[in-house]
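Asks:
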Amino acid sequence: MKKVVVTGINGLIGQYISEPLKELGFEVYGIGTRNIETDKLYYIKLNINNTTQLENKFKEIKPEYLIHLAWDTKQGYLDSDSNFDLLASSINMLKYFKENGGKRVIYTGTCFEYKFKDSKIKEYDELNPTTIYAKCKNYLREISELYCSKYNIDFCWARVFYTYGENENPNRLFPYIIELLKNDKKVSINHSQLKKDYMFAGDVAKSIALITNSNFHGSINICLGKALSLKELAFMIAKKMNKEYLIELKEFETNEPSIIIGDNSKLINEIGFKKYSNINDILDQLILEYTK
C-alpha cells in the first residue's frame, strides 16, 4: 500500500482528506497538534516545528508521498513571525522526506502569491507576494522546486484560493455571519462589493488527493473558477436563516482587489476534477452545524 504523510490533518482542508486518499489506495499517516482518537488513519500528535520528532517520524514511516497542509492561519497570520518558523520546518521536512525514500510531494501555496487582476488568474501569471505569509510561501515553492529537481522527487505546488467548511476559525466569514444571525445580531459587511473565488474545503481535499495520485508536477490552482461577492454570500446565508433584515451592507474603499478568481482549467482537464459541491447544500450543512 502507498504510504502518505499528511500534515495539518485536523485543519480546514485536512479534516476531509483521509477518505479520498484511502479510496485511492493510500495508507494515511496524519500529523496534527490536537489530542484525538480516530480509526480512520494513523494519527501522529506532533508539532512540525519540533524537527527532532519530525525527523524520527519520517525515519519510522518512510513514506513515498507527502502532502503538506499545515500552516498557522490564526488572526494576524499574514504578517506573523510564525511564517518564518513554518518556512524553516517545511524545508527541513522535505529533507527528511528525501532521506527516507520519498518520491512525490504536494505542498500547498496560496492565491496571495499572485499579482491580482480583474480576470481569471492562470498558473503562469505574474507573481507579486506582498505579505510575509505570501513571501514565505513563494520562497518555499522556489527552494522546494529546486531541491526536488536535484533529487528526482516529483513536486507539485497547489495554490489554494478561498475555502470554507466545517470547524472553521469563528472569525472567518462563514461562521462569523452564521453566529451573528443565530443570535439575532446585525451583520455588517464592510466591503460587500468584493468578489472572491470560494471552494468547499472538502472539494479542495478531494482535488489534492487526485493530484497526489497523478503524474502532474508544477503549480496548479485549486479553485472554483467562479467568484461570488461578499454581498451575495451574506444574503445566501441570511435567506436560508430567514434573517435578511439583519444584513447591513457597506462598500467602503479598500486596497483589496475588487475580484480574486482563479483559472481552474488544469484542475479540470489535467487532473480530472469536475464534481464540485453545490454551495447551497454545503451552506445548509454549515448552518445546521453552527446552530446546534
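If you're matching positions, the sequence shown starts at 1 in our numbering and goes up one per residue.
Heads up, the beta-carbon is just placed ideally off N, CA and C, and yes, glycines get one too.
Count the CB pairs spanning the stretch 139-152 and the stretch 193-208 that are closer than 8 Å, and state whether there are at least three.
Replies: Contact fails: fewer than three Cβ-Cβ distances are below 8 Å.
Asks: Helix, strand or coil, according to DSSP, for F116 in the structure here?
Replies: Taking the sequence shown and counting its residues from 1, one reaches residue 116 at position 116. Looking at F116 - three-state DSSP - the assignment turns out to be coil, as it is neither helix nor strand.
Asks: What I want to know is whether the C-beta of N152 ends up closer than 8 Å to one or more non-hydrogen atoms of the ligand MG.
Replies: This structure simply doesn't include the ligand MG, nor any ligand for that matter.
Asks: Below 8 Å on the Cβ atoms is my guess for K103 versus D72; work out the distance and round it to an integer in Å.
Replies: Residue numbering aside, residue 103 sits at position 103 when the sequence shown is read from its first letter. Residue numbering aside, residue 72 sits at position 72 when the sequence shown is read from its first letter. Incorrect: roughly 28 Å between the Cβ atoms, too far for contact.
Asks: In the DSSP assignment, find the unbroken alpha helix (DSSP H) run with R141 in it and report its ends.
Replies: One-based indexing of the sequence shown puts residue 141 at position 141. Residues 132-150.
Asks: Excluding five sequence neighbours on each side, which residues of the same chain lie with their C-beta closer than 6 Å to the C-beta of L78?
Replies: The count along the sequence shown starts at 1 and reaches residue 78 at position 78. Closer than 6 Å at the Cβ level, and outside the excluded window around L78, lie T131, Y133.
Asks: Which residue or residues does DSSP assign as beta-bridge partners of N221?
Replies: Working through the sequence shown from its first residue, we reach residue 221 at position 221. DSSP output for N221 lists R159 as bridge partner(s).
Asks: Would you check if the distance between the CB atom of I282 and the CB atom of K226 is smaller than 9 Å?
Replies: Taking the first residue of the sequence shown as 1, we reach residue 282 at position 282. Taking the first residue of the sequence shown as 1, we reach residue 226 at position 226. In this structure, K226 does not lie closer than 9 Å to I282 by Cβ.
Asks: Have a look at E27 and H191 and give me their C-alpha separation to the nearest angstrom.
Replies: Walking along the sequence shown from the start, residue 27 turns up at place 27. Walking along the sequence shown from the start, residue 191 turns up at place 191. One C-alpha to the other measures close to 44 Å.
Asks: Could you tell me whether the stretch 13-32 touches the stretch 52-70, using the rule of 3 or more Cβ pairs below 8 Å?
Replies: Result yes; three or more Cβ-Cβ pairs closer than 8 Å.
Asks: Could you please give the first and the last residue of the uninterrupted beta strand (DSSP E) stretch that includes T110?
Replies: Start at 1 with the first residue of the sequence shown, and residue 110 comes out as number 110. Taken as a continuous stretch (DSSP letters only), the beta strand (DSSP E) holding T110 covers 104-110.
Asks: Measure the CB-CB distance between Y147 and L233 and report whether it falls below 9 Å.
Replies: For this step, residue 147 is matched to residue 147 along the sequence shown. For this step, residue 233 is matched to residue 233 along the sequence shown. No, these two residues do not count as a Cβ contact at 9 Å.
Asks: Measuring CA to CA, which of L46, K57, E37, N242 is closest to K182?
Replies: What you label residue 182 is simply residue 182 of the sequence shown in a count that begins at 1. The residue with the shortest Cα to Cα distance from K182 is N242.
Asks: What residue range is occupied by the uninterrupted beta strand (DSSP E) comprising F26?
Replies: In the sequence shown, the residue the question calls residue 26 occupies position 26. Run containing F26: 26-32, per the beta strand (DSSP E) assignment.
Asks: What separation, rounded to the nearest whole angstrom, lies between the Cα atoms of T108 and Y276?
Replies: On the sequence shown, position 108 is the one that residue 108 refers to. On the sequence shown, position 276 is the one that residue 276 refers to. Approximately 19 Å, taken between the alpha carbons.
Asks: Based on Cα-Cα distance, which residue from F112, P170, V105 lies nearest to S149?
Replies: Against the sequence shown, residue 149 aligns to sequence position 149. Out of F112, P170, V105, V105 has the C-alpha closest to the C-alpha of S149.
Asks: Give the C-beta separation of S119 and R159 to the nearest angstrom, bearing in mind that I take them to be a contact with Cβ-Cβ under 8 Å.
Replies: Along the sequence shown, one-based indexing puts residue 119 at 119. Along the sequence shown, one-based indexing puts residue 159 at 159. Contact flag wrong, Cβ pair sits at about 16 Å.
Asks: Can you tell me the Cα-Cα spacing of D184 and L267, whole angstroms?
Replies: As a working mapping, residue 184 is identified with position 184 in the sequence shown. As a working mapping, residue 267 is identified with position 267 in the sequence shown. Rounded to whole angstroms, D184 to L267 spans 40 Å at the Cα level.
Asks: Out of E126, E113, F97, point me to the one whose CA is closest to Y151's CA.
Replies: Working through the sequence shown from its first residue, we reach residue 151 at position 151. Out of E126, E113, F97, F97 has the C-alpha closest to the C-alpha of Y151.
Asks: Does D154 come out as helix, strand or coil in the three-state DSSP assignment?
Replies: Residue 154 sits at position 154 when you count from the first residue of the sequence shown. In this structure, D154 counts as strand in the three-state DSSP scheme.
Asks: CB T212 to CB L41, shorter than 9 Å?
Replies: Numbered from its first residue, the sequence shown carries residue 212 at position 212. Numbered from its first residue, the sequence shown carries residue 41 at position 41. Cβ atoms of T212 and L41: not closer than 9 Å.
Asks: Three-state secondary structure (DSSP) at I251?
Replies: Here residue 251 is taken as the residue at index 251 of the sequence shown, counted from 1. What sits at residue 251 in the sequence shown is Glu, not Ile. E251 falls in the strand class under three-state DSSP.
Asks: Hey, S303 and F161: beta-carbon distance below 9 Å or not?
Replies: Residue 303 is absent from the structure shown; the chain starts at 1 and stops at 292.
Asks: Count the other CB atoms within 10 Å of the CB of Q75; is the residue buried (16 or more) or exposed (fewer)?
Replies: Along the sequence shown, one-based indexing puts residue 75 at 75. By the 10 Å Cβ count, Q75 comes out exposed.
Asks: According to DSSP, what are the bridge partners of L228?
Replies: Residue mapping note: residue 228 aligns to position 228 of the sequence shown, counting from 1. Looking at the DSSP assignment, L228 forms a beta bridge with K196.
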